[in-house]
Amino acid sequence: MDSSSKPTAKASNPQDGPSMDWHKELESRVRSIYAAVEAKKYDTVLALWSEDGTHRFGGNHALGGSRRGVALLEQWYHRLGRLQPDLKLTVRDVWITGTPEDTAGFVRWDSTASTPSGRLMYNHGLDYTRMCQGKIIEQDKLNDSQAVADLLEEKFRSGETEAGAKPIVSG
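Numbering follows my numbering, in which position 7 of the sequence shown is assigned residue number 73; successive positions increment by one, without gaps.
Structure below.
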């Protein structure tokens, strides 16, 4: 293969698309966002959202449903923190495509959280996120929603009433 056909780390012309460095920087940022969720630094996460972004989490339970807007998303994250106070997230893979103006990405992750009986609930998932101009406009969290429902049911039966609350959803 001659040198003209070798891939380069950076795009030589802005019209050729974003640089590999930009994708690596964004991957690092994505990993830090999941660490912020685990650390309950929700302001860090919410600052990345567009005011009318849409967030979806599968399942018919207190964390399920679709919400639009930062105010509802803030309520959702705080509920997540209360219901899964020891949530641990491990990012396995990050895939990013697009440009800084219009970006799509997938994150494959694993998580654990304690049940009232002291055992660990394991979950895994794939999040699809779309960003425009650096702000998240859409996110779908695809995971083992039955594992989440079972955890919340156990928490509700042990007296955590919020675990049985209606989902935080848009009108």
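Here a beta-carbon is modelled for each residue, glycine too, at the ideal position from N, C-alpha and C.
Discussion item. Run through the DSSP bridge pairs and tell me what ALA170 is partnered with.
Written reply: For ALA170, which the question treats as bridged, DSSP gives the partners THR163 and ARG196.
Fill in: 7 Å Cβ shell around THR181 - same chain, five flanking residues per side excluded
Result list for THR181: MET187, LEU217 and GLU220, in chain order.
Worksheet item: Is it the case that the Cβ atoms of VAL214 and SER132 are separated by a distance below 7 Å?
Response: In this structure, SER132 does not lie closer than 7 Å to VAL214 by Cβ.
Item to complete: Give a yes or no on whether the C-beta atoms belonging to VAL111 and ALA102 are separated by under 7 Å.
Response: The answer is yes: Cβ separation under 7 Å.
Discussion item. Here's the rule I'm using: 16 or more other beta-carbon atoms within 10 Å means buried, otherwise exposed. How should MET86 be labelled?
Written reply: Exposed, by the Cβ-count rule.
Worksheet item: With 16 other CB atoms within 10 Å as the buried threshold, where does THR74 fall?
Response: Only weak support exists for where THR74 lies, its pLDDT of 32 falling under 50; the value from the coordinates is given anyway. Under this definition THR74 is an exposed residue.
Fill in: Cutoff 7 Å; reference SER224; Cβ partners in own chain excluding five residues on either side
Result list for SER224: PRO182, in chain order.
Item to complete: Identify every residue that forms a DSSP beta bridge with ASP204.
Response: The identity of residue 204 in the sequence shown is Glu, whereas the question assumes Asp. According to DSSP, GLU204 bridges with THR120 and ARG196.
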